[in-house]
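One structure is given below, encoded as structure tokens.
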Amino acid sequence: MSLLELDKSSQDTGVPGLSREFAHNQLLPWTGLIQQQAIARFLDRETVKIDTLIAKKERLIELLKEKRTALISHAVTKGLNPDAPMKDSGIEWLGKIPEGWNLIRLKYGYKTCLGKMLQSSPSSSEDSLEPYLRAANISWEGVNLADLKEMYFSPYEKSLYELKAGDLVVSEGGDVGRTAIWRGEIDNCYIQNAVHRIRNRERYSNPFLYYWLFFIKSIGYIDLLCNKATIAHFTVEKVREIPVASPPLTEQQAIAQFLDRETAKIDTLVTKTRISIDKLKEYRTALISAAVTGKIDIRENLTPSPN
């Protein structure tokens, strides 16, 4: 049925649907019963092979994602030296951390700022229309600028809410805690009040904090903190009070660089596997099309069905 592309002939008036007259007038490829059975047996056999291969590749993606999460979790809580002596962190969900590390509240190592309330019209002649980030623009993979909105900012607000390369942008609502690193993709971009901006103080690393936030999000800490069973909000107060592991700065930087390198390898494998899955799905569709239209020789399947 997919060969008829009936979806392209749906009626867009009122409730979209297929015209009965159009469907009744379509011509179907037709052949004898034995050949129909042969085609069905052929497709049953071949599509099962393809579906099994797709399932294996989808499972591989799941395993790669699990490996990625485990890699990040271990690096930001245990460090890169397997022989480092450990001490109790005092936090049950964190367990032991290296002896040379400290734990701080986020506010002592990083400056936070929640963005501006929406303003659809200028309040003075000095206001200008500027692009801003909202939660929908933020993902762990980076910032998506495909649907960037604009609103009015005063000169003071621009100095307050402007993004600088290296800042973290964190979702305040929706999927709370979702974080990206602002790479300076465009000049003069700002934040709306569904987004936190986090900027490191001296001796602290934003890339390390990015991976730390990924870790505490992956274990459910942020969702629990924000009571995601209701309408979740990652308030300024909650962000500032988050416990953060604090290795020496050089170690923070080394961990972030290690994770940048290793996660990039995993992400590349995931992307290649997804491309492979898409190609298999395309091949499956093409195989069915070719078989039911007589473009494949399936004579070896031409034995009468026992049914």
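Following UniProt numbering, the numbering of the sequence shown begins with 1 at its first residue and continues without gaps. The beta carbon of each residue, even a glycine, is placed where N, CA and C say it ideally should be.
Inset, instruction - Please report how far the alpha carbon of V170 lies from the alpha carbon of I296, in whole angstroms. - result: Computed Cα separation, rounded: 54 Å.
Legend entry - Reduced DSSP secondary structure (H/G/I, E/B, other) of A245: For A245, the three-state secondary structure derived from DSSP is strand.
Inset, instruction - Alpha carbon to alpha carbon, how far is C226 from V176? Give it in angstroms, no decimals. - result: So the alpha carbons of these two residues sit roughly 8 Å apart.
Legend entry - Collapsed DSSP secondary structure at R261 in the structure displayed: In the three-state reduction of the DSSP assignment, R261 falls in the helix class, which pools H, G and I.
Legend entry - Between the CA atoms of L114 and P85 - distance to the nearest angstrom: Using only the alpha carbons, I get a separation of about 38 Å.
Inset, instruction - Would you check if the stretch 189–206 and the stretch 45–60 touch, i.e. whether three or more CB-CB distances between them fall below 8 Å? - result: Flag = no, the stretch 45–60 and the stretch 189–206 do not touch.
Inset, instruction - Could you tell me the distance, in whole angstroms, from the CA atom of M117 to the CA atom of E92? - result: As the crow flies, the alpha-carbon of M117 is around 37 Å from that of E92.
Legend entry - Distance, K279 Cα to V292 Cα: Straight-line Cα distance between these residues: approximately 20 Å.
Legend entry - Buried versus exposed, by CB contacts within 10 Å (16 or more), T271: Here T271 is exposed, its C-beta having fewer than 16 other C-beta atoms within 10 Å.
Legend entry - Identified DSSP bridge partners for R274: None; R274 has no bridge partner.
Inset, instruction - Measure the alpha-carbon distance for G14 versus F234 and round it to whole angstroms. - result: Reliability fails at G14, whose pLDDT of 49 lies under 50, so the model's placement of it is uncertain and the value that follows must be treated cautiously. The straight-line gap from Cα to Cα measures roughly 41 Å.
Legend entry - Opposing strand residues paired with D297 [DSSP bridges]: Secondary-structure assignment with DSSP links D297 through no beta bridge to anything.
Legend entry - Residue burial classification, S121 (beta-carbon count within 10 angstroms, cutoff 16): Around the beta carbon of S121, fewer than 16 other beta carbons lie within 10 angstroms, which makes this residue exposed.
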